[in-house]
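Under my numbering, residues 15 to 481 are what the sequence shown spells out, in order.
Just so you know, even glycine gets a beta-carbon here, dropped at the ideal spot from N, CA and C.
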Amino acid sequence: MALQARAPPRRTGHRRGVNVVGLILAAVLVAVNAFFVIAEYALVRSRRARLEMMAEQGARGASLALTQLDRINEYISAVQIGVTMTSIGIGALGEPALARLLKNALGNAPSHGLAVAIAVVVSYVLITSAQLIAGEIVPKFYAIDRAEVVARRVARPLHAFSVLFRPFIVGVTAVADRILGLLGVDMNLERRGGSADELKRLIAESFAGGHIDPGEAGMLTGVFHLHEQEARQVMTPIPAVVTVDISEDVETALRKCISSGHTRLVVTEDANPDRVRGLVHASALADLLMREDRHASIEPIVHDAPIVPETKALDDLLAELQRSHTSMAVVVDEYGRVVGVVSVEDIVEEVVGEIADETDPTSGEIRRLAGGDWFVRGHVAVTDLADYGLYLPVDSDAYNSVGGFVFAALGRLPRRGDTVAADGFSIRVESVRDNRVEAVRIRERAPVPRRDGGDSASRERQREREI
């Protein structure tokens, strides 16, 4: 009877040690993967202004982080190479090592094949979960929350990795650039910036998150609205403009400045508002009065005013006023007729809100009456009422002023006592001159309980008469 050959002893302890080392290396690679993820999101989400401030304060790594922002394509490629290398390493080392350990632990399974299958599936799920949580999700949100701080802390090791793998990074970046160029995609992230809509959303999100107060949010939003608004929407219409004729003397002009509260007057010829000669400043009038007599002509001190179309965007208009070193422009319609004037203050008020002082002639244009009603001049822009909580429908193609709104609502020439209703308000015409609305009274209409149509209508008519 032949002797049965004895199998060599299994080196179970050695294999277990190799598997444990594989898991330790996989854990190290997960940490390295987390570093690259942190570096990527810190670079992408960092604000240049914040990093510049840190660099000025001498924060370590801030200057290098700014350099990396300037070459963000190269460093993003480096990060992606690092993430790919570590992910491959985690899969190659961690998964097989854990699977072998689990298979040995399942030695009492009904079959060897079942033990292998369970070990492979469980090891895949565990390694993937560990990499996803510790190597992706946690570092990503950590970097997003502290982008600038993280960016300067990882700047040096990221730079060292980039230098070490520079030939490979340059080659990969060039190939990717070429492929994206064929697809019509611009890979140059350095030149990209947020669009106006994206910045508006950012302002809204910052306000909702409590990072900026309502005043700041309103001003930032107002800056973007300058491009959307036209001169005709903020101008003072010509019937409301205080003018002085070129033939009048300096005393007359100064008296008009004093009575109106204006520091500038529009100078016309032959009392014709369509024949604007320019502008004259109160200080120039006072200087002329002191140098000459009160009957001196104002013509020598009249200076030209820019003439702009009523459809000119406010941001372009503001730039033109800055270039011409003047604070007021004459607005004309498509037929060349003068329709109003617009000043730098009118434009700035669209950003910061109403600006008024003790000499502001517009202080009486919108005022609250004792009974709670509002007295409003007809030439006041509908959009200006929003500052007082009065929201009327806006239709810049049909009208801009309160008087224009009344015209559009009536469909005829207005008369004193006419009343129109809009969005919870009753508007009664208080004064009409030369077929234009000079003043209105606005009253908020209280909600009416609807028991039956007839009673509601009669009560509504009664309130209309009370106005």
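Report back the beta-carbon spacing between G149 and A48 to the nearest angstrom; my notes put them in contact at under 8 Å.
-> Sure, about 5 Å apart at Cβ, within 8 Å.
Leaving aside the five residues before and after L366 along the sequence, list all residues of the same chain whose C-beta is less than 6 Å from its C-beta, in chain order.
-> Sequence check: residue 366 is Val here, not Leu. For V366, where only same-chain residues beyond five positions count, the Cβ hits under 6 Å are M233.
In chain order, each alpha helix (DSSP H) run of at least 4 residues that lies wholly inside the stretch 92-180 | The qualifying runs are 126-146, 152-159, 161-178.
Taking only the alpha-carbon atoms, compute the straight-line gap between S60 and R74 and give it to the nearest angstrom.
-> Taking the straight line from one Cα to the other gives about 16 Å.
Taking the alpha carbon of G36 as the point to measure from, which residue in G103, Y89, R160, R192 has its own alpha carbon closest?
-> The residue with the shortest Cα to Cα distance from G36 is G103.
Taking just the CA atoms, how far does A453 sit from A429?
-> Checking the displayed sequence, the identity of residue 429 turns out to be Arg instead of Ala. C-alpha of R429 to C-alpha of A453: approximately 11 Å in a straight line.
The stretch 222-242 contacting the stretch 319-332, beta-carbon criterion three pairs below 8 Å | A contact exists between the stretch 222-242 and the stretch 319-332.
To which residues of the same chain is N33 closer than 6 Å at the C-beta, ignoring the five residues directly before and after it?
-> By the criterion of a C-beta distance shorter than 6 Å, N33 is surrounded in its chain by A111, R114, L115, once the five residues flanking it on both sides are discounted.
Going by beta carbon distance, what residues of the same chain come within less than 7 Å of V44, once the five residues before and after it are set aside?
-> Within the same chain, I104, A144, Q145, A148, G149 come within 7 Å of V44 by CB-CB distance, once the 5 residues on both sides are set aside.
Taking 8 Å as the threshold, find out whether the stretch 270-288 comes into contact with the stretch 381-388 through three or more Cβ pairs.
-> No: fewer than three Cβ pairs fall under 8 Å.
H317 (DSSP reduced to helix, strand or coil) | H317 falls in the strand class under three-state DSSP.
Return the CA-CA distance between G31 and I38, expressed in angstroms with no decimal places.
-> If I take the Cα positions, the gap works out to 11 Å.
Tell me L290's beta-bridge partners as DSSP assigns them.
-> For the record, residue 290 in the displayed sequence is Val; it is not Leu. Paired residues: T282.
What first and last residue would you give for the beta strand (DSSP E) that runs through V344?
-> Residues 342-346.
In this structure, what does DSSP give as the bridge partners for H309?
-> When DSSP reads this structure, H309 sits in no beta bridge, so it has no partner.
Can you tell me where the beta strand (DSSP E) with E444 in it begins and where it stops?
-> 439-447 is the extent of the beta strand (DSSP E) around E444.
Name, in chain order, the residues that DSSP records as bridge partners for A435.
-> Beta-bridge pairing by DSSP links A435 to S440.
Any chance the stretch 61-68 sits against the stretch 86-105, with 3 or more Cβ pairs inside 8 Å?
-> The stretch 61-68 makes no contact with the stretch 86-105; the number of CB pairs closer than 8 Å stays below 3.
Please state if the CB of H317 and the CB of G292 are separated by a distance shorter than 8 Å.
-> Closer than 8 Å, so yes.
Hey, how far is the Cα of S13 from the Cα of T340?
-> Residue 13 cannot be examined here, being either before or after the span of the chain that is shown, 15 to 481.
Who are the Cβ neighbours of Q82 in its own chain at under 8 Å, not counting the five residues just before and after it?
-> Here the set comprises L57, Y89, A165, A169, L172, H173.
Excluding sequence positions up to five away, which residues of its chain have a Cβ less than 6 Å from the Cβ of L299?
-> Same-chain partners within the cutoff: V264, A267, L268.
What is the C-beta distance between P287 and V352, in whole angstroms, given that I count them as a contact (C-beta under 8 Å)?
-> Confirmed, about 5 Å.
Put G72 into one of helix, strand or coil per three-state DSSP.
-> In the structure shown, G72 sits in coil (DSSP, three-state: anything other than H, G, I, E or B).
What is the rounded straight-line gap between the Cα of R450 and the Cα of T250?
-> Our two residues, R450 and T250, have alpha carbons roughly 14 Å apart in a direct line.
Based on the DSSP output, what are the partners of V322 in its beta bridges?
-> Paired residues: V345.
In angstroms, rounded to a whole number, what distance separates the CA positions of A53 and V163?
-> Distance between the alpha carbons of A53 and V163 is about 11 Å.
A330, DSSP secondary structure in three states | Ala is not the amino acid found at residue 330; the sequence shown has Asp there. In the three-state scheme derived from DSSP, where H, G and I count as helix and E and B as strand, D330 is classed as helix.
Name, in chain order, the residues that DSSP records as bridge partners for D259.
-> Partner(s): T282.
Bridge partners of H241, per DSSP?
-> Note: H241 sits in no beta bridge, so no partner.
By how many angstroms is the C-alpha of R305 removed from the C-alpha of R455?
-> So the two alpha carbons sit approximately 47 Å from each other.
Helix, strand or coil: which one does DSSP assign to G36?
-> G36: helix per DSSP, three-state reduction.
Straight-line Cα distance separating Q94 from A79 | Looking at the two C-alpha atoms, the distance is approximately 17 Å.
Please list, in chain order, all residues of the same chain as E313 whose beta carbon is under 6 Å from its beta carbon, the five residues on each side excluded.
-> I260, listed in sequence order.
Other residues of its chain near V46: CB distance less than 8 Å, five sequence neighbours each side excluded = Beyond the five residues adjoining it in sequence on each side, V46 comes within less than 8 Å, by CB distance, of G96, T100 in the same chain, given in chain order.
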